[in-house]
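Asker: Protein chains in written order, with this note's numbering: chain A, 88 to 198; chain B, 5 to 119. Structure provided below as C-alpha cells; questions to follow.
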Amino acid sequence: KQEVTQIPAALSVPEGENLVLNCSFTDSAIYNLQWFRQDPGKGLTSLLLIQSSQREQTSGRLNASLDKSSGRSTLYIAASQPGDSATYLCAVVSNTGKLIFGQGTTLQVKP
Amino acid sequence: DVKVTQSSRYLVKRTGEKVFLECVQDMDHENMFWYRQDPGLGLRLIYFSYDVKMKEKGDIPEGYSVSREKKERFSLILESASTNQTSMYLCASSLTDRANNYGYTFGSGTRLTVV
C-alpha cells in the first residue's frame with residue numbers, strides 16, 4: 088500500500104530564507120507527483136506537477152524535484168515571503184490511479 | 005484555466021438530514037473525485053468517477069453515495085447526516101484516466117457542520 092510522508096510537519100523561518108520541504112513515498116511505481124498549497128479553510132491550489140519520467144519542475148521561486156528510485160521529492164522555495172505561509176501538500180498518483188496525499192507541512196514565514 | 009466549483013462554502017445541517025454537496029467542472033474532465041479532510045487524518049478519498057454514471061468507492065465510502073448524471077457534475081450525498089460527518093469536503097477533477105498526465109484540479113471546499 089502506497090504511503091506518503093512529509094517532513095517536517097511544521098516549519099517556521101524568517102523572511103528571505105531559502106527552504107526545502109520533503110516528501111517520501113513507499114512505492115516507486117507512481118505516474119506522477121503533484122505539490123499543492125492550501126491556505127487555512129480553503130481548497131487546494133496546484134503548484135507543480137512532475138511526471139514520472141521527469142526529474143524536476145520549476146515555477147517562479149518554486150522548484151520541485153523527483154527521484155523515483157529513492158521514493159523522494161523535494162519542494163524548494165527560494166527567498167521565502169510572508170505570503171508563502173500555508174500548508175504544502177505532496178500527493179502521488181499511484182498505479183491504481185488514485186491520488187494519495189501526505190499529511191502536509193505547515194509553513195510560517197515571519198516578517 | 006480549469007475551474008472546479010463547489011456550490012457552497014459553508015453548510016450547517018441537522019443530524020438525520022439528507023445532504024447534497026454539488027461539484028461542477030468546466031473543462032470536460034472525465035474523472036471526478038470527492039475527498040474529506042480532517043485534522044490529523046489528512047485527505048481521504050470517499051468516492052470517484054471515471055465517466056458519466058460510473059462510480060467507484062474510495063477509502064471511506066460508508067455513509068455516503070454519489071451521483072454523476074452529467075459529465076461536468078459530481079454530487080456527494082449524505083443519506084442521513086451524522087455529527088461524525090462534520091468535515092471539509094473537497095471535490096477534484098482530472099483529464100485522463102490512470103496515466104493522469106495533467107494533474108488534479110481542486111475546488112475551494114465545502115465546510116460542512118452537522119449539529
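Glycine is no exception: its CB is placed at the ideal position from the N, C-alpha and C atoms.
For chain A, find out if any of its Cβ atoms is closer than 8 Å to the Cβ of Phe78 (chain B); answer yes or no.
Answerer: As a first step, residue 78 (chain B) is located in the second sequence; it is residue number 74 there, counting from the start. So no, Phe78 (chain B) is outside the interface.
Asker: Below 8 Å on the Cβ atoms is my guess for Gly20 (chain B) versus Ala85 (chain B); work out the distance and round it to an integer in Å.
Answerer: As a position in the second sequence, residue 20 (chain B) is number 16, starting the count at 1. As a position in the second sequence, residue 85 (chain B) is number 81, starting the count at 1. At roughly 7 Å, the Cβ-Cβ gap stays under 8 Å, so Gly20 (chain B) and Ala85 (chain B) are in contact.
Asker: Counting Cβ pairs, one atom from each stretch, are 3 or more of them under 8 Å apart for the segment 101 to 116 of chain A and the segment 151 to 159 of chain A?
Answerer: Result yes; three or more Cβ-Cβ pairs closer than 8 Å.
Asker: According to DSSP, what are the bridge partners of Val119 (chain B)?
Answerer: Walking along the second sequence from the start, residue 119 (chain B) turns up at place 115. Val119 (chain B) pairs with nothing; no bridge assigned.
Asker: Taking DSSP as the reference, what is the three-state secondary structure of Thr90 (chain B)?
Answerer: Start at 1 with the first residue of the second sequence, and residue 90 (chain B) comes out as number 86. If DSSP states are grouped into helix, strand and coil, Thr90 (chain B) belongs with coil.
Asker: Report buried or exposed for Met36 (chain B), applying the criterion of at least 16 other Cβ atoms within 10 angstroms of its Cβ.
Answerer: Stepping through the second sequence from its first residue, residue 36 (chain B) is reached at position 32. Met36 (chain B) comes out buried.
Asker: DSSP three-state call for Asp154 (chain A): helix, strand or coil?
Answerer: Residue numbering aside, residue 154 (chain A) sits at position 67 when the first sequence is read from its first letter. It is a strand residue.
Asker: What three-state label does DSSP hand Asp42 (chain B) in the structure shown?
Answerer: Translated into the one-based positions of the second sequence, residue 42 (chain B) becomes position 38. Of the three classes helix, strand and coil, the one that applies to Asp42 (chain B) here is strand, per DSSP.
Asker: Flag this pair as touching only if the segment 168 to 176 of chain A and the segment 186 to 196 of chain A have three or more C-beta atom pairs under 8 Å; answer yes or no.
Answerer: As far as the Cβ criterion goes, the segment 168 to 176 of chain A touches the segment 186 to 196 of chain A, which means the pair count is three or higher.
Asker: What does DSSP give as the partner residues of Met36 (chain B) in its beta bridges?
Answerer: As a working mapping, residue 36 (chain B) is identified with position 32 in the second sequence. DSSP, once it has assigned bridges, lists B:Ser53 and B:Ser97 as partnering Met36 (chain B).
Asker: Within 10 angstroms of the Cβ of Asn105 (chain A), are there 16 or more other Cβ atoms? Answer buried if so, exposed if not.
Answerer: To locate residue 105 (chain A), count along the first sequence from 1; it is residue 18. With fewer than 16 other Cβ atoms within 10 Å, it is exposed.
Asker: Does Phe24 (chain B) have its Cβ less than 8 Å from a Cβ in chain A?
Answerer: If you number the second sequence from 1, residue 24 (chain B) lands on position 20. Closer than 8 Å: no.
Asker: Beta carbons nearer than 7 Å to chain B: which residues of the segment 131 to 160 of chain A have them?
Answerer: Those residues of the segment 131 to 160 of chain A that come within reach of chain B (Cβ to Cβ, closer than 7 Å) are Leu131, Ser133, Leu136 and Gln138.
Asker: So who's on the other strand from Thr193 (chain A), going by DSSP bridges?
Answerer: Against the first sequence, residue 193 (chain A) aligns to sequence position 106. Answer by DSSP bridge pairing, in chain order: A:Ala97 and A:Thr174.
Asker: If we count Cβ pairs, one from each stretch, closer than 8 Å, do we get three or more for the segment 89 to 102 of chain A versus the segment 134 to 148 of chain A?
Answerer: No, the segment 89 to 102 of chain A is not in contact with the segment 134 to 148 of chain A.
Asker: Thinking just about the alpha-carbon of each residue, which of B:Gly113, B:Gly46, B:Thr117 and B:Val56 is nearest to the one in Thr87 (chain B)?
Answerer: Here the question's residue 87 (chain B) lines up with position 83 in the second sequence. Ranking the options by Cα distance to Thr87 (chain B), first place goes to B:Thr117.
Asker: Contact criterion: CB-CB distance below 8 Å. Does Met112 (chain B) meet it with respect to chain A?
Answerer: As a working mapping, residue 112 (chain B) is identified with position 108 in the second sequence. One point to set straight first is that residue 112 (chain B) is Ser, not Met, in the sequence displayed. Cβ-Cβ to chain A under 8 Å: yes for Ser112 (chain B).
Asker: Is the segment 69 to 78 of chain B in contact with the segment 23 to 37 of chain B, if contact means three or more CB pairs nearer than 8 Å?
Answerer: Output reads yes: the segment 23 to 37 of chain B touches the segment 69 to 78 of chain B.
Asker: How would you write the range of the beta strand (DSSP E) that Ile64 (chain B) sits in, first residue to last?
Answerer: The count along the second sequence starts at 1 and reaches residue 64 (chain B) at position 60. Premise fails: Ile64 (chain B) is in no beta strand (DSSP E) and is neither H nor E.
Asker: Run through chain A and tell me which residues come within less than 8 Å of Lys107 (chain B), C-beta to C-beta.
Answerer: Residue numbering aside, residue 107 (chain B) sits at position 103 when the second sequence is read from its first letter. The amino acid at residue 107 (chain B) is misidentified as Lys; the sequence shows Gly. Residues of chain A passing the Cβ test: Asn119, Gln121, Ser133 and Leu136.
Asker: Just to confirm the assignment: which complete beta strand (DSSP E) runs, minimum length 3, are found wholly within the segment 89 to 146 of chain A?
Answerer: Here the runs fully enclosed are 91 to 94, 97 to 101, 106 to 112, 117 to 125, 131 to 138 and 143 to 146.
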